[in-house]
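Here's the structure we're looking at; comments come further down.
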Amino acid sequence: MNIHYHTLPNGLRMVHITTTNQVAWCGLAVNAGSRDEREGQYGLAHFVEHTIFKGTEHRRAWHILNRMERVGGELNAYTTKEGTMIYSVFPHQHLPRAIDLLADLVQWSVFPQEELDRERDVVLEEAASYRDTPSDAVYDDFEDMLLSGSELGHNILGKKEDLENLTREDCMRYLKALYVPGNMAFFSVGPERPERVFRVAERAFGGMDHATSSRQRVAPPQVEPFTRAMRIGTHQAHTIVGARVPDMNHPLRHALMLLNNILGGPGMNSLLNVELRERRGYVYTVESTLTLLSDCGWMEIYLGCDPDDVPSSLRVIERITSRLSQQLLPERRLEAYKKQYCGQLVVAADSTEFLAMRAGRGLLYHGSVATIDDTIASIQAVTAEQIASVAAYLAGDRLSSLTFQ
51 MNIHYHTLPN
61 GLRMVHITTT
71 NQVAWCGLAV
81 NAGSRDEREG
91 QYGLAHFVEH
101 TIFKGTEHRR
111 AWHILNRMER
121 VGGELNAYTT
131 KEGTMIYSVF
141 PHQHLPRAID
151 LLADLVQWSV
161 FPQEELDRER
171 DVVLEEAASY
181 RDTPSDAVYD
191 DFEDMLLSGS
201 ELGHNILGKK
211 EDLENLTRED
221 CMRYLKALYV
231 PGNMAFFSVG
241 PERPERVFRV
251 AERAFGGMDH
261 ATSSRQRVAP
271 PQVEPFTRAM
281 RIGTHQAHTI
291 VGARVPDMNH
301 PLRHALMLLN
311 NILGGPGMNS
321 LLNVELRERR
331 GYVYTVESTL
341 TLLSDCGWME
351 IYLGCDPDDV
361 PSSLRVIERI
371 TSRLSQQLLP
381 ERRLEAYKKQ
391 YCGQLVVAAD
401 STEFLAMRAG
411 RGLLYHGSVA
421 TIDDTIASIQ
431 AVTAEQIASV
441 AAYLAGDRLS
451 SLTFQ
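Under my numbering, the residue at position 277 of the sequence shown is numbered 327, and the numbers go up by one with no gaps.
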């Protein structure tokens, strides 16, 4: 990949990856998420992500909605516990249009009251739809328990009573405090020359305020492992089992990534799928996810199965994670796991969207973008001892679980 960097005088970091595709992506990665909300305003980060599209000093909501769609492009955004991504995909010749629109949104959004009231209902419906989907809701409740007592221990979608009371002033204050140059990164992927990309971006973002608000994020305290079940009247049980792991900057982060793929990656030959579904028939589905933030992380294993099979499934998981922590993987087996995971990374990297999101997150949190070759080299360097070391975070009495049934 041809990766190019530039930083504006106001502190906004920029990265452009040159490709031969005729479709381009650009966007802003913002270091602001649900962990940056005040108590009583839970859901504000996600609400701002929705309502930032509802009007600026220069455009009404309809004009924003149609600005990229009229040329065949799209405008989108999403919010996580620690970040927000606002981005566009479009035929590459419309790069100035996309950059101008993004700059308008983050600098001049006005959050019209009538649009806020309308969008509030949409966000409330989105939250309700998650609660009506147990396989989604169980993740939220498990994380609330695992991260309780911290700024991370609440749902990204927020609380109904908080959402109903959010005001235009709340949205403006959040935008002005956190959507600032030193707290954002601009990313671009496409065939345009980097000099042109940076020149257009500087015209659009160069006048932004330099101020960056001070804030003190606090890593969540460790909680005692728990085993809980909630009866919600479903035919199938939905279970999350998991534990806290180190953060995105930890030396063993690549070992964690590989372990996550070994346990419950997308392949049908993942260890847990083979043990729980193929050999024993306990589960309909099983998958593992890894979340790494700037100061903490967690790994979660999801099971969808008959309620009677939950205890047996949990015992199998405990045996597997304990064995991985106590017995080193044979070299040939470890190499096979690495080969599979590195192959998946290569396939994923063929997606321009993957490259764009990776570029934004990499620049925002690490100050540079790791190439796929860099990541593959790091995965190849993982040792059996390191796999055992990170598996210890999931071994035996460290695991917590939550079941909806």
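Every residue, glycine too, gets a C-beta built ideally from N, C-alpha and C. Since the model is a prediction, treat every value here as computed from it, not as a measurement.
- Residues Leu378, Leu379, Leu384 of the same chain have their beta carbon placed closer than 6 Å to that of Ala434, with the five preceding and five following residues left out of the count.
- Per DSSP, Val324 lies in no beta strand (DSSP E) segment and is marked neither H nor E.
- Rounded to the nearest whole angstrom, the C-alpha separation of Gly347 and Ile206 is 16 Å.
- Sequence-distant Cβ neighbours of Asp191 in its own chain, meaning closer than 7 Å and more than five residues away, are Leu452.
- Across the set Ala431, Ser238, Glu252, His288, the C-alpha of Ser238 shows the shortest separation from the C-alpha of Phe404.
- The shortest CA-to-CA distance from Val397 to any of Gln436, Phe103, Pro316 is the one to Pro316.
- Taking the CA atoms as reference points, Leu94 sits about 10 Å from Lys209.
- Excluding residues up to 5 positions away in sequence, Asp212 lie with their Cβ nearer than 7 Å to the Cβ of Gly90 in the same chain.
- Counting along the chain, Pro141 sits inside the beta strand (DSSP E) bounded by residues 134 to 141.
- Note that the C-beta distance between Asp182 and Arg109 is not below 8 Å.
- The beta carbons of Thr284 and Pro184 sit closer together than 8 Å.
- Ranked by how close their Cα comes to the Cα of Arg281, the residues Thr289, Tyr415, Met258 have Thr289 in first place.
- Taking the C-beta atoms as reference points, Thr277 is found no nearer than 8 Å to Val230.
- In this chain, the beta strand (DSSP E) harbouring Glu337 covers 333 to 342.
- If you draw a straight line from the Cα of Arg170 to the Cα of Glu325, it is about 44 Å long.
- Beyond the five residues adjoining it in sequence on each side, Leu216 comes within less than 8 Å, by CB distance, of Gln91, Gly93, Leu94, Phe97, Leu166, Arg170 in the same chain, given in chain order.
- In the structure shown, the three-state DSSP call for Leu125 is strand.
- Under the three-pair Cβ rule at 8 Å, the segment 424 to 444 counts as touching the segment 307 to 314.
- Considering only Ala251, Arg88, Val188, the residue with the shortest C-alpha distance to Asp220 is Arg88.
- DSSP lists Arg294, Thr341 as the beta-bridge partner residues of Trp348.
- About 11 Å separates the CB atoms of Ile370 and Val291; that is not less than 8 Å, and the two are not in contact.
- The residue from Gly199, Glu164, Ala254, Arg329 with its alpha-carbon nearest to that of Glu274 is Gly199.
- Assigned with DSSP and collapsed to three states, Leu197 falls in coil, not helix or strand.
- Taking C-beta separations shorter than 7 Å and ignoring five residues to either side along the sequence, the partners of Tyr415 in its chain run Met298, Ser344, following chain order.
- The C-beta of Gly240 has 16 or more other C-beta atoms within 10 Å across all chains shown, which makes the residue buried.
- Here Arg109 is not bridged, per DSSP, to any residue.
- One alpha carbon belongs to Ser264, the other to Gly256, and they sit about 21 Å apart.
- With a cutoff of 8 Å on beta-carbon distance, Ala127 and Met135 are scored as near each other.
- Under a 10 Å Cβ-count criterion, Met318 is classified as exposed, with fewer than 16 other Cβ atoms of the shown protein chains found around its own Cβ.
- According to the DSSP assignment, Met307 belongs to the alpha helix (DSSP H) that extends over 303 to 314.
- A direct Cα-to-Cα measurement between His260 and Asp186 gives close to 39 Å.
- Secondary structure of Met407 (DSSP, three-state): helix.
- As DSSP reads the structure, Thr277 sits in a beta bridge with Ser451.
- In the DSSP assignment, Ile370 falls within the alpha helix (DSSP H) that extends over 360 to 376.
- Checking the DSSP bridge columns, you'll see Cys355 partnered with Ala287, Val333.
- Contact between Ala441 and Ser375 holds: their C-beta atoms lie close to 4 Å from each other, under 8 Å.
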